[in-house]
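What follows is a single structure, written as structure tokens, with notes after it.
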Amino acid sequence: MKGVISALILPVAWAWHPVFVPSGSLSPSSHSLRQPSRRDPRDGDLQTSRLGASIEGEGEASGGRGQEQLPPPEKHPEQWFGQWVVLERRGDLPQPGEDARVVIEKVLDALQTNDDPQLDHGAAVTIKHASRDNIISNFNPAQYGSYLRNSEYRVLLNRDTFEFVGPPQYDSNKEHCVQRVVLEGHHPNFQSWSDREFFRKEVDFRLSLHRGCWMIDGVFLTQDND
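Mapping of the sequence shown onto mature numbering (1 follows the signal peptide of the UniProt record, and there is no 0): residues -15 to -1, 1 to 211, in sequence order.
If you want it as structure tokens, here you go:
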């Protein structure tokens, strides 16, 4: 992968050995656009290594920048006025047996309509699909939504379309995977619709398996593919 990688969500750097060919040789595949689980799949003693980026400094994984640009949640004390029960009623909670791609699609679709049916609902869905080692699991939806709107990760909110690039790349135990996604969209311009800024970003989702549910450990944006 070319360019510098920036971590939106605190990554867990695990020793994984891809079964599939390197991502550089994968070709894009077009993608078009539940009963609720009452048990949080993140509960329990789950062992993972932590060689990646941290909130205090530079990360070691893939030459990426550290998580230092993502502030601790207490520095953004916004109160969220939504209700978690809405996610349960809509089937927006993690479901055992869901494919990793289904999880990514669910999160991306929720973020695209972030304030429907309640403010920062998409951010809430993303938080519920974040693993315990993911820093945003400590955020409330208002905090995370504010971060997304005011950072380079607003592409997750403003995308028009997305495509999966090749199949997920699993480790040898099929407990971790990486899936590349291409996002295309426009950043809003409230003065002129025709002058909206177009973007194209490649995003790597890293996921791990917890109690039968694929949970998001990290999201990485490359910096040279606009």
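Ideal placement from N, C-alpha and C gives every residue a C-beta, glycine not left out.
Range covered by the alpha helix (DSSP H) that runs through residue i
i: T111; result: 106 to 113
i: L206; result: Segment 198 to 207 is the beta strand (DSSP E) holding L206; no alpha helix (DSSP H) there.
i: E73; result: 69 to 75
i: Q80; result: First-last for Q80: undefined, no H or E at that position.
i: R139; result: It is not in any alpha helix (DSSP H) - R139 carries neither H nor E in the DSSP assignment.
i: P126; result: 126 to 134
Counted within 10 angstroms of its Cβ, other Cβ atoms place residue i as buried (16 or more) or exposed
i: E182; result: exposed
i: F190; result: buried
i: V4; result: Because the pLDDT at V4 is just 38, under 50, the model does not fix this residue reliably, and the point stays unresolved.
i: N135; result: exposed
i: G49; result: For G49, the predicted model reports a pLDDT of 43, less than 50, meaning its position is unreliable and no value from the coordinates is stated.
i: W69; result: exposed
i: Q154; result: buried
Host beta strand (DSSP E) of residue i (start-end)
i: D189; result: 182 to 195
i: D145; result: 144 to 155
i: Q164; result: 161 to 172
Member of the options whose CA lies at the smallest distance from the CA of residue i
i: N125; options: G107, L142, L141, N135; result: G107
i: G67; options: P81, Q103, R75; result: Q103
i: A109; options: H195, E73, D118, G82; result: E73
i: S157; options: R75, S122, L194; result: L194
i: D202; options: R139, Q164, L142, D101; result: Q164
i: V150; options: H171, S136, I89; result: I89
i: H172; options: D77, P152, Q97, I120; result: Q97
i: T146; options: G82, C162, D94; result: D94
i: V204; options: V92, Y155, Q176; result: V92
i: D84; options: S177, C162, Q176; result: C162
i: V71; options: D101, G82, P81; result: D101
Own chain, CB closer than 7 Å to residue i, minus 5 neighbours either side, in chain order
i: P79; result: S22, P26, K113, H114, C198, M200
i: E160; result: S193, L194
i: N99; result: D105, H106, G107, A108, G130, L142
i: V87; result: none
i: D180; result: N174
i: G82; result: G197
Cβ-based neighbour list, residue i, same chain, cut-off 6 Å, excluding 5 preceding and 5 following
i: R196; result: P26
i: D77; result: V110
i: I121; result: I(-7), I112, A115, Y129
i: W65; result: N125, P126, A127
Nonlocal neighbours in the same chain, by C-beta distance under 8 Å from residue i, ignoring five residues either side
i: E63; result: N125, A127, Q128, S131
i: R139; result: L133, H172
Any non-hydrogen atom of the ligand ATP closer than 7 Å to residue i Cβ
i: I121; result: This structure lacks the ligand ATP, and indeed carries no ligand of any kind.
Min CB distance residue i to chain B below 8 Å
i: V71; result: As a matter of chain content, chain B is missing from the structure shown, which is built from one protein chain.
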